[in-house]
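Using the numbering used here, count along the sequence shown one by one with no gaps and you end on 537.
Note that the Cβ used here is the ideal one computed from N, Cα and C, for glycine as well.
Please read these numbers as outputs of a predicted model, since none were measured by experiment.
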Amino acid sequence: MSEAVAIEDHVVPKTEDFKVGQSVTYSQVIDDRLVRGYADLTGDHNPIHVDDAFAKKTKFRQRIAHGGILFGIVSMMLGDKMPGIGTIFMSQTVNFHAPVFINDKVTVVVTITALLPKHVAKLSTIATKQDGTVVMDGVSTIKLPGSLMLPVVPAPVKAA
378 MSEAVAIEDH VVPKTEDFKV GQSVTYSQVI DDRLVRGYAD LTGDHNPIHV DDAFAKKTKF
438 RQRIAHGGIL FGIVSMMLGD KMPGIGTIFM SQTVNFHAPV FINDKVTVVV TITALLPKHV
498 AKLSTIATKQ DGTVVMDGVS TIKLPGSLML PVVPAPVKAA
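As structure tokens, then:
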């Protein structure tokens, strides 16, 4: 049985805190600033993402967001929301079903689907647009947070 560990202002959850079916939801508007920031961060300046004139000549007729932005949202959710602080991302499979356009609101739902030996969990990841269109789905494999934390050893008490 693992113990919750407090490190400064962070409490790392116990492995036992997680159950199959547990989920978390997060929504974000994928705006121009986010897309351009991602392009600058990664160096991916493909004109389908950053050039309106180019994108108008494609089958999409407008710019589309980088798929990696959705990965980033999933990563943030796993590390900050659920399972939370101390989670280690091991793998992600992904299927893209539809484009995300500039100013689409994307909602991502992450759900624990299996708790496996050695503190490993599988989670479904599903992203939809404001109209309900599924734009991405996949499976994340992670190490649950409490499994990687060192035990807290109390400091010895000095005799007076």
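Quiz item: Is it true that the CB of threonine 488 sits closer than 9 Å to the CB of lysine 500?
Solution: Counting from one through the sequence shown, the residue named residue 500 turns up at place 123. Counting from one through the sequence shown, the residue named residue 488 turns up at place 111. The sequence given here places leucine at residue 500; lysine does not occur at that position. Taking 9 Å as the Cβ cut-off, leucine 500 and threonine 488 qualify as a contacting pair.
At what residues does the beta strand (DSSP E) containing methionine 467 begin and finish?
Taking the first residue of the sequence shown as position 1, residue 467 is located at position 90. Segment 465 to 473, the beta strand (DSSP E) holding methionine 467.
If you drop the 5 nearest sequence neighbours on each side, which residues of the same chain put their C-beta closer than 7 Å to that of aspartate 408?
Within the sequence shown, residue 408 is the residue found at index 31, counting from 1. Contacts found: Ile479, Asn480.
- Item | Cβ-Cβ distance between histidine 474 and valine 534 below 9 Å | On the sequence shown, residue 474 is found 97 positions in, with the first residue counted as 1. On the sequence shown, residue 534 is found 157 positions in, with the first residue counted as 1. Going by C-beta atoms, histidine 474 is not nearer than 9 Å to valine 534.
| task | Just mark arginine 442 as buried or exposed, buried being the case when its beta carbon has 16 or more other beta carbons within 10 Å. | result | Numbered from 1 along the sequence shown, position 65 holds the residue referred to as residue 442. Correcting the residue type first, residue 442 is alanine in the shown sequence and not arginine. Buried: at least 16 other Cβ atoms inside 10 Å.
To which residues does DSSP link lysine 396 through a beta bridge?
On the sequence shown, position 19 is the one that residue 396 refers to. Lysine 396 pairs with nothing; no bridge assigned.
Inset, instruction - Kindly list the residues whose CB is nearer than 7 Å to the CB of glycine 445, restricted to its own chain and excluding five residues on each side of it in sequence; keep chain order. - result: Along the sequence shown, one-based indexing puts residue 445 at 68. Closer than 7 Å at the Cβ level, and outside the excluded window around glycine 445, lie Tyr415, Thr419.
- Helix, strand or coil: how does DSSP classify isoleucine 462 here? Position 85 of the sequence shown, counting from 1, holds the residue named residue 462. In the structure shown, isoleucine 462 adopts coil according to DSSP, grouped into three states.
- Three-state secondary structure assigned by DSSP to valine 451: Here residue 451 corresponds to residue number 74 of the sequence shown, with the count starting at 1. Here valine 451 carries a helix assignment [DSSP, helix/strand/coil].
Name the DSSP bridge partner or partners of leucine 500? For this step, residue 500 is matched to residue 123 along the sequence shown. Paired residue(s): Ile489, Ser517.
- Query: Considering only residues of the same chain and omitting the five flanking positions on each side of proline 424, which have a CB-CB separation below 8 Å?
  - Reply: The sequence position of residue 424 within the sequence shown is 47, counting from 1. Once the five neighbours on either side are set aside, the close Cβ partners of proline 424 are Phe431, Ala432.
Give the straight-line distance between the Cα atoms of threonine 402 and leucine 447, rounded to the nearest whole angstrom. Here residue 402 is taken as the residue at index 25 of the sequence shown, counted from 1. Here residue 447 is taken as the residue at index 70 of the sequence shown, counted from 1. Straight-line Cα distance between these residues: approximately 13 Å.
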